[in-house]
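Visitor: Below is one structure. I have some questions about it.
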Amino acid sequence: MAKGLIENRANTKHPEFPSAHAAERGHTNVVEVLTEKFKSNVLARSKRLCARVGNTEVLKEMLNSVPSSHLQMAVNKHSKDGKATLHLESGAEWGHENIADILLSHKAFVNVKTKLSLTPLHLGSQNGSASLVRLLVETHLASIDALSLTKQTPLYLAEISGQLDVCSSLLHLRTYIITMDRLPRERETWANRAEFILSSVGYAVGIGNVWRFPYVCFSGGGGAFLVPYLTMMCLCAIPLVFMEFTVGQYTKKGPVEAFINICPLMKGVGVAMVMLSFIVASYNNTVLTWVLYYLFHSFTAPLPWQLCNATWNIPENCSSFMENTTTHLQSATKQFFDHRLLEITEGIETVGHLRWELVGILLLIWVILFFCVFKGIRSTGKVVYFTALFPYVVLLALLFNNVRLPGALDGILFFLTPKWNKLGEIHVWIDATAQIFYSIGVGFGCLLSMASHNKLNNNILRDAMIVTLANSATSIFAGFVMFSGIGYMAHVRHLQVEQLAVGGPGLAFVVYPEIFSTMPVSQLWAFLFFLMLMCLGLDSQFALVEVMGTFIMDSFGPKILLMLNYKELVTLLLCFLTFLLGLPCITQGGVYIFQLLDYSVGITLMFTSLFEVVALSWIFGVWRLSIMVKRILGKPPNVFFKACWLVVSPLLIVAILVTAMVQRSPLLYGKTYLYPAWAEGVAWIITFLSVGWIPLGAMHELLGRKGTCLARLKASVTPRITLEEVCNVPVNEDQQQDHVKSLYSLSEVSPLRDEKDRGDM
């Protein structure tokens with residue numbers, strides 16, 4: 003009878019059923035008895051009333067009665083009609099800071115929304131609770147630029163409500179600047195899908211596809227190497243690209259803010275990604291400096307690396323095709339690279355002076371980069387139509403030219419002939435995994451950042467497949483081009499193909515310039531080849547600069563804009579700073595510094611990628627990633643992707659990492675110069691500059707929390723992003739507009755409650 007009376011009272015419009023009455027009056031013992039005896043839906047209403055009147059002790063008693071496995075659902079539960087119990091909103095609406103803190107420590111979603119998409123920060127801001135606003139933003143990292151369905155930010159609501167203290171607090175807490183039409187700025191999106199695809203393909207397909215893959219392929223068994231390579235593409239590359247696209251497109255944030263919202267404990271992973279991109283961007287333009295230097299010299303006739311009679315040559319140790327010598331001497335192209343371009347010193351201990359002509363070229367490259375990226379994706383989205391597509395035109399032209407040369411077929415057959423016994427060697431599989439991993443570019447945050455500019459319903463699975471397949475197909479196609487030329491060169495010099503097969507800068511700046519020296523119209527082919535390398539390098543730099551700019555604008559945008567007024571100045575300062583950091587690489591001993599940086603980045607990328615997968619697949623959870631995918635594509639990912647995210651990809655990354663650590667050999671430049679022992683220590687310091695942010699971020703998150711160690715840990719692994727299954731907001735834009743019209747007038751902002759109501763409480 004008592005139970006029936008309670009439930010009957012709960013179903014009436016009268017609010018004072020026993021549990022609600024006890025909750026409102028603060029009778030903890032009564033609530034405890036009712037909680038134990040009658041676990042009905044009236045308790046949800048009681049919790050809401052507790053939150054409204056600020057009875058913390060009663061609320062704690064109610065929350066303690068809920069099993070820990072059901073706590074998150076109980077605190078954030080929605081009823082069948084879509085109306086949330088909204089305990090946190092109720093506390094926020096009435097300004098109860100202590101209530102909000104309790105609910106958030108018990109797994110309440112800080113960005114949970116009402117049917118109008120009003121978050122607790124919206125409610126607290128409109129109703130003048132400055133201390134609550136600071137709690138939500140500083141301690142629990144509420145989204146300060148969250149938009150309601152009527153496109154209003156917390157600052158806008160505070161302003162029109164006359165809450166000056168809240169406005170001051172929000173401005174201090176780095177809120178976004180309100181535009182002149184008093185509406186918040188929205189994240190830019192790509193003009194069309196082609197721009198995103200071309201930008202992603204351009205980022206993934208870099209110079210390494212041309213100078214590294216062909217060498218790794220032939221040394222790993224030729225055609226047989228394609229078996230582990232394509233296998234690892236399916237098991238590792240596609241799932242990880244799909245994962246980064248999902249996180250970026252769903253959160254609409256760069257890597258740092260995305261990880262703060264998804265897994266606060268691992269927010270350092272996002273910072274590590276940005277730092278890694280910053281380091282790579284600072285030295286990556288060294289290669290483009292060399293490329294542009296060769297490009298400028300391609301206009302001379304004869305080509306400056308053809309003869310042995312230049313001032314930089316060592317005539318007694320120089321071999322030139324033009325002199326028709328077959329003695330085993332250093333080639334003219336090698337001497338041009340070492341003594342004219344680099345003016346190389348004996349080792350990293352002797353850095354030498356700056357190469358001022360290279361300084362000018364490096365500055366020119368950064369100027370070109372700035373004018374390509376200064377408008378963000380609006381400018382890069384147009385440039386990539388040329389920089390991403392032109393390399394394929396050159397590769398086709400080179401292949402068409404090369405296959406007509408004598409010996410070209412021998413080179414292609416050498417590249418493709420399978421050595422099946424190599425498949426039994428574990429290092430071949432590790433090399434295949436490492437090659438596809440480094441080539442596709444996961445772990446830098448660039449793919450995630452570019453995907454954050456997509457529309458929410460963009461088909462990320464299709465795009466992940468296109469980008470990954472285009473990257474692998476380009477690598478294989480480049481192998482045909484490179485080895486057809488090497489086969490021709492071997493024919494001319496009466497050597498075996500394997501004697502000339504090299505990888506890395508030696509292929510691009512020594513072997514191929516020598517090949518062009520023997521071709522008709524050599525200046526044209528040299529110009530096209532180095533222009534192709536320039537485009538490949540620029541595309542990768544676009545993405546690296548983009549991820550750094552996204553981090554700055556996501557994290558410090560309002561403060562930066564208040565000081566500089568224009569986002570373009572931020573990009574200019576970023577490019578100038580990165581230019582300065584790249585200067586040591588163009589000294590006389592800069593090539594040693596360049597290789598040391600590149601050496602350290604390889605192991606760093608493995609660490610950041612491993613922690614990225616751990617954070618997203620294990621802590622945030624594959625089931626939450628599946629909800630994101632379902633929100634975007636309309637259906638969850640299949641078992642294959644879940645298995646790859648959870649088990650296969652992490653194990654492959656660990657295998658690469660362990661192998662790299664165990665087989666980490668002393669660093670050499672060429673085959674003769676051994677780096678000193680202290681250089682290895684410098685490499686680890688460079689690694690720590692990125693990876694070190696991961697434990698530092700975890701410590702900062704845990705120490706900044708309140709409560710016991712276990713409570714801090716639980717709060718730190720609780721996502722701050724509201725998944726669609728929780729917030730229950732229409733996903734279609736037309737549905738959203740209809741939803742708004744049915745609930746709220748677009749021309750008015752109604753107060754959430756009257757001061758009279760507060761007085762009645």
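Residue numbers (this note's numbering): 3 to 763.
For every residue, glycine included, the Cβ atom is placed at its ideal position computed from N, Cα and C.
Note that the structure is a prediction, hence the values are computed from the model and not measured.
1) Which full runs of the alpha helix (DSSP H) of 4+ residues lie inside the region 221-292, going along the chain?
2) Output the distance between the C-alpha atoms of LEU173 and THR382, rounded to the nearest integer angstrom.
3) Strictly by DSSP, which residues pair up with TYR671?
4) Just to check, is the beta-carbon of LEU715 closer than 8 Å to a non-hydrogen atom of the ligand FMN?
5) Go through its chain and collect everything with a Cβ distance to PRO317's Cβ below 8 Å, but skip five positions before and after it.
6) Given a cut-off of 9 Å, decide if MET536 and LEU290 are closer than it, judged by their beta-carbon atoms.
7) Would you list the one or two residues that DSSP bridges to LEU356?
8) Out of curiosity, what's the CA-to-CA distance linking ALA132 and GLY126?
9) Hey, MET245 and SER628: beta-carbon distance below 9 Å or not?
10) Which of the three DSSP states, helix, strand or coil, is assigned to SER557?
11) Assign TYR387 to buried or exposed, taking buried as 16 or more other Cβ atoms, counted over all protein chains shown, within 10 Å of its Cβ.
12) Let's see if you can read the secondary structure: which residues bound the alpha helix (DSSP H) around GLY1?
13) In three-state DSSP terms, what is GLY362?
14) Going by C-alpha to C-alpha distance, which of LEU669, ALA713 and GLY604 sits closest to LEU659?
15) What do you get for ASN404, buried or exposed, if any count of 16 or more other CB atoms within 10 angstroms of its CB means buried?
16) Might you give, ordered along the chain, the residues of its own chain that have their beta carbon closer than 6 Å to the beta carbon of LEU228, omitting 5 neighbours on each side?
17) Tell me which residue opens and which closes the alpha helix (DSSP H) that VAL203 is part of.
18) Taking the C-alpha atoms as reference points, what is the distance between TRP686 and SER602?
19) Work out the CA separation of CYS448 and VAL139 for me, nearest whole Å.
20) Pop quiz: LEU360 and TYR295 are said to be a contact at Cβ under 8 Å. What is the actual Cβ separation, rounded to whole angstroms?
21) On the three-state DSSP scale, how would you describe MET534?
22) Take VAL733 and list the residues in its own chain whose beta-carbon comes closer than 6 Å to its own, dropping the five residues that flank it on each side.
23) Please return the same chain residues whose Cβ sits closer than 6 Å to the Cβ of SER171, not counting the five positions on each side in sequence.
24) Start and end of the alpha helix (DSSP H) containing TRP213?
25) Just how far apart, CA to CA, sit GLY443 and GLU614?
26) Tell me the residue span of the alpha helix (DSSP H) that contains LEU309.
27) Ignoring anything shorter than 4 residues or poking outside the region 603-656, list the alpha helix (DSSP H) runs there in chain order.
28) Among the residues of its own chain, which have a CB less than 8 Å from the CB of MET663, if the five just before and after it don't count?
29) What is the DSSP secondary structure of PRO420, counted as helix, strand or coil?
30) According to DSSP, simplified to helix, strand and coil, what is ARG184?
31) Reducing DSSP to helix, strand and coil, say where GLU161 ends up.
32) Could you have a look at GLN665 and say whether DSSP puts it in helix, strand or coil?
33) Could you give the first and the last residue of the continuous alpha helix (DSSP H) run that contains ARG380?
34) For a test of the three-state rule: what should DSSP assign to ILE346, helix, strand or coil?
35) Could you tell me the alpha carbon to alpha carbon distance between TYR252 and ARG495, rounded to whole angstroms?
36) Give me the residue from VAL112, ILE517 and SER477 with the minimum Cα distance to ALA206.
Guide: Inspection of the coordinates gives the following:
1) Every unbroken stretch of the alpha helix (DSSP H) spanning 4 or more residues and falling wholly within the region 221-292 is given here in chain order: 228-234, 240-253 and 257-264.
2) Working through the sequence shown from its first residue, we reach residue 173 at position 171. Working through the sequence shown from its first residue, we reach residue 382 at position 380. Cα to Cα, the separation comes out at about 31 Å.
3) Within the sequence shown, the letter at position 669 stands for residue 671. In the DSSP secondary-structure assignment, TYR671 is bridged to TYR675.
4) As presented, the structure is devoid of all ligands, the ligand FMN included, so that no description of it is given.
5) Numbered from 1 along the sequence shown, position 315 holds the residue referred to as residue 317. Leaving aside the five residues that flank PRO317 on each side, the residues in its chain whose CB is nearer than 8 Å to its CB run, in chain order, CYS310 and ASN311.
6) The residue given as residue 290 occupies position 288 in the sequence shown. The residue given as residue 536 occupies position 534 in the sequence shown. Cβ atoms of LEU290 and MET536: closer than 9 Å.
7) Mapped onto the sequence shown, residue 356 falls at position 354. Looking at the DSSP assignment, LEU356 forms a beta bridge with THR589.
8) Sequence index remark: in the sequence shown, residue 132 carries index 130 (1-based). Sequence index remark: in the sequence shown, residue 126 carries index 124 (1-based). Roughly 8 Å between the two C-alpha positions.
9) For the purposes of this step, residue 245 is identified with residue 243 of the sequence shown, where counting begins at 1. For the purposes of this step, residue 628 is identified with residue 626 of the sequence shown, where counting begins at 1. When the beta-carbon positions are compared, MET245 and SER628 stay at least 9 Å from each other.
10) On the sequence shown, residue 557 is found 555 positions in, with the first residue counted as 1. Correct three-state label for SER557: helix.
11) Mapped onto the sequence shown, residue 387 falls at position 385. By the neighbour-count rule (16 or more Cβ atoms within 10 Å), TYR387 is not buried but exposed.
12) This structure cannot settle anything about residue 1, because the visible part of the chain is limited to 3 through 763.
13) Looking up residue 362 in the sequence shown gives position 360. Three-state result, GLY362: helix.
14) Taking the first residue of the sequence shown as position 1, residue 659 is located at position 657. The shortest C-alpha separation from LEU659 is found at GLY604.
15) Looking up residue 404 in the sequence shown gives position 402. Here ASN404 is buried: its Cβ has 16 or more other Cβ atoms, across all protein chains shown, within 10 Å.
16) For the purposes of this step, residue 228 is identified with residue 226 of the sequence shown, where counting begins at 1. For LEU228, where only same-chain residues beyond five positions count, there are no Cβ hits under 6 Å.
17) Here residue 203 is taken as the residue at index 201 of the sequence shown, counted from 1. Unbroken alpha helix (DSSP H) run through VAL203: 195-206.
18) Taking the sequence shown and counting its residues from 1, one reaches residue 686 at position 684. Taking the sequence shown and counting its residues from 1, one reaches residue 602 at position 600. Near 7 Å, if we compare the C-alpha coordinates of SER602 and TRP686.
19) Within the sequence shown, residue 139 is the residue found at index 137, counting from 1. Within the sequence shown, residue 448 is the residue found at index 446, counting from 1. Straight-line Cα distance between these residues: approximately 27 Å.
20) In the sequence shown, the residue the question calls residue 360 occupies position 358. In the sequence shown, the residue the question calls residue 295 occupies position 293. In this structure LEU360 is in contact with TYR295, their Cβ atoms being roughly 7 Å apart against a cut-off of 8 Å.
21) As a first step, residue 534 must be located in the sequence shown, where it is residue number 532. Annotated three-state conformation of MET534 is helix, per DSSP.
22) Taking the sequence shown and counting its residues from 1, one reaches residue 733 at position 731. Since pLDDT at VAL733 reaches only 41, below the 50 mark, its modelled position is unreliable, and the value read off the structure follows with that caveat. For VAL733, where only same-chain residues beyond five positions count, there are no Cβ hits under 6 Å.
23) On the sequence shown, residue 171 is found 169 positions in, with the first residue counted as 1. Close CB contacts of SER171 within its chain, under the 6 Å cut and outside five residues either way in sequence, are with ALA132, VAL135 and ARG136 (chain order).
24) The residue labelled residue 213 in the question sits at position 211 within the sequence shown. In this chain, the alpha helix (DSSP H) harbouring TRP213 covers 209-213.
25) Start at 1 with the first residue of the sequence shown, and residue 443 comes out as number 441. Start at 1 with the first residue of the sequence shown, and residue 614 comes out as number 612. If you take the alpha carbons of GLY443 and GLU614, they lie about 13 Å apart.
26) Reading the sequence shown from its first residue, position 307 is the one you call residue 309. Careful: LEU309 lies outside any alpha helix (DSSP H) and carries neither H nor E.
27) 624-635 and 641-645, all fully within the region 603-656.
28) Start at 1 with the first residue of the sequence shown, and residue 663 comes out as number 661. Cβ within range, chain order: ILE605.
29) Taking the first residue of the sequence shown as 1, we reach residue 420 at position 418. Three-state DSSP puts PRO420 in coil, outside helix and strand.
30) The sequence position of residue 184 within the sequence shown is 182, counting from 1. Here the model assigns ARG184 a pLDDT of 33, short of 50, so the residue's position is not dependable, and the following value carries that caveat. In this structure, DSSP gives ARG184 a state outside helix and strand, which the three-state scheme calls coil.
31) Here the question's residue 161 lines up with position 159 in the sequence shown. In the structure shown, GLU161 sits in a helix (DSSP, three-state: H, G or I).
32) To locate residue 665, count along the sequence shown from 1; it is residue 663. Collapsing the DSSP output to three states places GLN665 in coil.
33) Within the sequence shown, residue 380 is the residue found at index 378, counting from 1. Element bounds for ARG380: 379-389.
34) The count along the sequence shown starts at 1 and reaches residue 346 at position 344. When DSSP states are grouped into helix, strand and coil, ILE346 belongs to the coil group.
35) Taking the first residue of the sequence shown as position 1, residue 252 is located at position 250. Taking the first residue of the sequence shown as position 1, residue 495 is located at position 493. Going from the Cα of TYR252 to the Cα of ARG495 covers about 56 Å.
36) On the sequence shown, residue 206 is found 204 positions in, with the first residue counted as 1. By alpha-carbon distance to ALA206, the top candidate from VAL112, ILE517 and SER477 is SER477.
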